[in-house]
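The structure under discussion appears below in the form of structure tokens.
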Amino acid sequence: MKPRRNPVDVAASRYGLRRAIAVFILWSIACELIFHRALGWSTVATPYNLARAGVVLAIGCCFAMIIGRRAEARFRRASGVAA
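Read left to right, the sequence shown gives residues -2 to 80 (the working numbering).
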């Protein structure tokens, strides 16, 4: 039989996931606005621009995962559960 997860762990995971998703969405919107402002609104998508956008989104993913993990740990500390 599979052991049941602690409700605080489930809540902490959801809290961290929501924070990570929010940070990634904000990161994506900000990068799109910056790129469009810098490159112009109707520029052709060159391979260089696509590669740069991919790298920036990958950095945003890593950044969002770090934020999510920290938010999860903060939630657990606030709940009084050892990580």
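Every residue, glycine too, gets a C-beta built ideally from N, C-alpha and C.
Handout entry: Alpha-carbon to alpha-carbon, Asn3 and Thr40
Key = The straight-line gap from Cα to Cα measures roughly 51 angstroms.
Handout entry: Three or more C-beta pairs below 8 angstroms linking the segment 52 to 69 and the segment 3 to 20
Key = yes
Handout entry: Beta-carbon proximity of Phe60 to Gly13, cut-off 8 angstroms
Key = no
Practice task
Would you kindly report the start and end of the unbroken alpha helix (DSSP H) that includes Ile65?
Solution key: Reading off the sequence shown, one finds Gly at residue 65, where the question assumed Ile. Run containing Gly65: Pro44 to Ser76, per the alpha helix (DSSP H) assignment.
Handout entry: Distance CB(Gly57)-CB(Ser25) smaller than 8 angstroms
Key = yes
Practice task
Measure from the alpha carbon of Ala52 to the alpha carbon of each residue in Arg1, Arg74, Glu29 and Arg34, then state which is nearest.
Solution key: In the sequence as displayed, the identity of residue 52 is Val instead of Ala. It is Glu29.
Problem - Pairwise C-alpha distance: Arg16 and Leu47 - result: 27 angstroms
Practice task
Can you tell me the Cβ-Cβ gap for Ala8 and Phe32, rounded? I've got them flagged as a contact below 8 angstroms.
Solution key: At roughly 36 angstroms, the Cβ-Cβ gap does not stay under 8 angstroms, so Ala8 and Phe32 are not in contact.
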